[in-house]
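A quick write-up on the structure given underneath.
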Amino acid sequence: MSIFLNVSFNVNFVVLMIGLLLVATHSVAAVLPEERSDVMFHEYEGGGVTINGPSILVRKNFMDRISINANYYVDNVTSASIDVLSYGSPYVEERIEQSVGIDLLRDKNIVSMSFTNSTENDYDAKSFVFGFSRDLFGDLTTVSVKFGFGDDVVRATGQAAFEDTLTRKNYQLSVSQILTKKLIMAVNLESINEEGFLRNPYRKSSILMPSDVGVIDRQGTWEEENYPNRRTGDAASLRFKYYLPYRAALRAEYRHYSDSWDIQGSNFEIGYTHPIEALNLTLDVRYRTYQQEAAFFFIDFLDASNGAEIPTFHGRDKELAEYSTTSVGVGIKWEFLSSRWLVLDKASISLNYDHIAFEYDNYRTAEAGGYELGQEPFYEFDANVTRIFFTAIY
Amino acid sequence: MKSIVFVTVILLTGCSVTPSITPWVKPYERGYLADPIMSFEPDAVSSNYMHHVYQAREGARGAEGGGSGGGCGCN
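Residue numbers (my numbering), protein chains in the order written: chain A, 1 to 394; chain B, 395 to 469.
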């Protein structure tokens, strides 16, 4: 549990704790999250990668003051991604994530804590989150703060001697505001600080070195990446949800992100939720776009065969490239139990499907043949994301 | 991060000593807002998963309004 020992309680953190203690004395009522259990099967398929598995989330309340939740989540990964095809071998692995959390209610205040442990054959991650939320202004406003601390261990299959670490700190502020009888808004701010081994130990840069005589395709150009060991990012989002003149809801969200690696990303999402009461169905449709600028050290291909200087930091992770994504999704929920039966208040089954198109602007399809080195077509792929889950509310 | 701490302290301590503000939307006028279709994230198990999907494949992270765990499973 070194995660708890690595936390540096800086001045800002102490000031914020004092602020929280000052306000934790006022009264009247917030509510705990509803008691429910969800059993979900999820699948992501795209770009040569298939990831699926279950997720089970259970929440139980006690004495109207304490709420405990637990989540068991599995990713079964089968990967033959473009990176794997370019310089590796297809692989199969499993990631298991387990988390437990508790929410404590006192008057208008909720204190939350959670712990998450994620394990893979080559990556372990532990994170602890402490949160506090409070209702204000006649419960028109809810302010929440969260602090997260993460401690990861990175390993590499086939490199027994390699092991490195990564620490992560998150600071989050959320304000939910009732604007009118039919309109609600939420503002989220988050700062993420990461330090340590921040790259994937398997991924390679593509650099043609002076010694690469006779190399005519990417296979002779793979070199170890080198990333900065620190990354600080800030994100801000604004969300609205509006109850239409008939029983349906419209939502919109905008988020902007920037970090010390010069990545600038923004996404916009709009969605529509429409219940069909006669059939106990709820339909949902959504559209999302995302675009980002590349990290300052992203290089798809560098020709240094003439002795050109190689930058200190260089990497070819496509998530650091300049690209955009477009998503469309649909969902349907069938509430097959809407009145009390035995211990259950409600029960439903939901199916969601999202299609995501990725289009890269400076990341090329390295494995493509018949092209001049570094002039391959830009990479693009589509992904399908499916979630089906059963929900019991009690 | 300092700005987040500053805004939080101002919001929480400032609001705690401000005379109570009459809510412009009364509790009995919040029927539409209490409808489950007005929840930003009605199903945590599902929305947490989608946050993870996007976090693993996009450079931007944070301010999603939900939670997600560590690890990746995305190489």
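Beta carbons: idealized from backbone N, C-alpha and C, even for Gly.
- Between the C-alpha atoms of SER266 (chain A) and GLU194 (chain A) there is a straight-line separation of about 20 angstroms.
- Counting along the chain, MET113 (chain A) sits inside the beta strand (DSSP E) bounded by residues 109-119.
- Excluding sequence positions up to five before and after PHE197 (chain A), its CB lies within less than 6 angstroms of the CB of VAL154, ASP164 and LEU166, all in the same chain and listed in chain order.
- Between the segment 305-315 of chain A and the segment 275-286 of chain A, the count of C-beta pairs closer than 8 angstroms stays below three; the two stretches do not touch.
- Chain order gives the chain A residues near TYR426 (chain B) as LYS181, LYS182 and TYR243, where near means a beta carbon separation below 8 angstroms.
- In summary, LEU104 (chain A) is exposed, with fewer than 16 beta-carbon neighbours lying within 10 Å of its beta-carbon over all protein chains present.
- For the pair ALA366 (chain A) and MET40 (chain A), the Cα-to-Cα distance works out to about 36 angstroms.
- Annotation: GLY425 (chain B) is outside any beta strand (DSSP E); the continuous alpha helix (DSSP H) that includes it extends over 425-428.
- Between the alpha carbons of LEU173 (chain A) and SER191 (chain A) lies a distance of about 9 angstroms.
- Burial state of MET432 (chain B) is buried, judged by a 10 Å Cβ sphere holding 16 or more other Cβ atoms.
- At a C-beta separation below 9 angstroms, VAL31 (chain A) has no neighbours in chain B, since its nearest C-beta there lies roughly 11 angstroms away.
- Uninterrupted beta strand (DSSP E) stretches at least 3 residues long and entirely within the segment 297-363 of chain A occur at 323-337, given in chain order.
- Sequence-distant Cβ neighbours of PRO210 (chain A) in its own chain, meaning closer than 8 angstroms and more than five residues away, are ALA304, SER305, ASN306 and GLY307.
- For TYR422 (chain B), not one C-beta of chain A is nearer than 8 angstroms to its own C-beta.
- Taking C-beta atoms as the reference points, ALA235 (chain A) and LYS241 (chain A) fail to come closer than 8 angstroms.
- Contact check for PHE313 (chain A) and TYR243 (chain A): beta-carbon distance about 49 angstroms, past the 8 angstroms limit, so the pair fails to qualify.
- From the beta-carbon of ALA249 (chain A), the residues of chain B found nearer than 8 angstroms are ASP429, ILE431 and MET432.
- Cβ contact annotation for GLY220 (chain A) (same chain, cutoff 7 angstroms, sequence separation greater than five): ASP212, in chain order.
- Straight through space, the alpha carbons of GLY150 (chain A) and PHE336 (chain A) are spaced by roughly 40 angstroms.
- Listed in chain order, the positions of the segment 145-162 of chain A with a beta carbon within less than 7 angstroms of a beta carbon of chain B are VAL145, GLY150 and ASP152.
- Sequence-ordered contacts of the segment 190-215 of chain A with chain B read GLU190, SER191, ILE192, ASN193, ASN200, TYR202 and ARG203 [C-beta pairs closer than 9 angstroms].
- In the structure shown, ILE56 (chain A) falls within a strand segment according to DSSP collapsed to helix, strand and coil.
- With respect to the C-alpha of GLY101 (chain A), the residue from A:ILE110, A:THR119, A:GLU94 and A:ARG95 having the closest C-alpha is A:ILE110.
- Here the segment 79-97 of chain A lies against the segment 354-372 of chain A, with 3 or more beta-carbon pairs under 8 angstroms apart.
- When Cβ-Cβ separations below 8 angstroms define contact, ARG239 (chain A) makes contact with chain B.
- Per DSSP, reduced to three states, the secondary structure at ASP437 (chain B) is coil, with no helix or strand assignment.
- Restricted to the segment 176-241 of chain A, the beta strand (DSSP E) segments that are unbroken, complete and at least 3 residues in length are 183-196, 204-208 and 222-224, listed in chain order.
- Less than 8 angstroms separates the beta-carbon of TYR323 (chain A) from that of ASP361 (chain A).
- Boundaries of the alpha helix (DSSP H) harbouring ASP83 (chain A): 82-87, taken from the DSSP string.
- Nearest CB-CB separation between LEU320 (chain A) and chain B: below the 8 angstroms threshold.
- Each residue's CA atom was taken as its position, placing PRO421 (chain B) and ARG451 (chain B) some 41 angstroms apart.
- Of the candidates A:LYS318, A:ALA357, A:TYR272 and A:TYR394, A:ALA357 places its Cα closest to the Cα of GLY46 (chain A).
- Closest in alpha carbon position to LEU140 (chain A), among B:THR416, B:ALA438, B:ASP429 and B:MET444, is B:THR416.
- Between the alpha carbons of GLN292 (chain A) and GLN375 (chain A) lies a distance of about 22 angstroms.
- Scanning its chain for C-beta atoms nearer than 6 angstroms, with the 5 sequence neighbours on each side dropped, one finds around ILE178 (chain A) the residues LEU140 and ILE184, in chain order.
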